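Student: Encoded as structure tokens, here's the structure I'll be asking about.
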Amino acid sequence: MIKFITILLSILFISFASPVFSEEASCETACNKYLTCVLSANKNATNEQKENFKKGCLNGCKKHKKESLKCYKDNPQCVGFFNCLVKNAEILKNN
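Numbering-wise (my numbering), the sequence shown opens with residue 373 and increments by one.
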């Protein structure tokens, strides 16, 4: 179940990522945090999966930088970060 949730959140982030940006924050920094969160929930991820999570995050962040970096800045904990991304993905999907 955790694996499914991890994959779902990764797909949502890749597709719609959202969060307020800080001049100090970058997509690279946010995606490092994202990867740390994903790997804490999926400790058995292969190197290929890790690479795909990171690439997907960077692509989503670059597409929706302002929203993605806002989620990163406003949510230091993984759960809050993921919830923010999911919430923003739903908003973007409905627009």
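Quick reminder that beta carbons are idealized off the backbone N, C-alpha and C, glycines included. As the structure is a computational prediction, the values presented were derived from the model and not from experiment.
Using the Cβ count rule (16 or more neighbours within 10 Å means buried), how would you classify Val410?
Tutor: It is buried - the Cβ of Val410 has at least 16 other Cβ atoms within 10 Å.
Student: Where do the N-terminal and C-terminal ends of the alpha helix (DSSP H) with Lys435 fall, by residue?
Tutor: 419 to 435 is the extent of the alpha helix (DSSP H) around Lys435.
Student: Between the alpha carbons of Ile463 and Glu420, how many angstroms are there, rounded?
Tutor: Approximately 30 angstroms between the Cα atoms of the pair.
Student: Could you tell me the distance, in whole angstroms, from the CA atom of Cys472 to the CA atom of Cys429?
Tutor: Because the chain is modelled from 373 through 467, residue 472 falls outside the range shown and cannot be assessed.
Student: Taking DSSP as the reference, what is the three-state secondary structure of Ser398?
Tutor: In this structure, Ser398 counts as coil in the three-state DSSP scheme.
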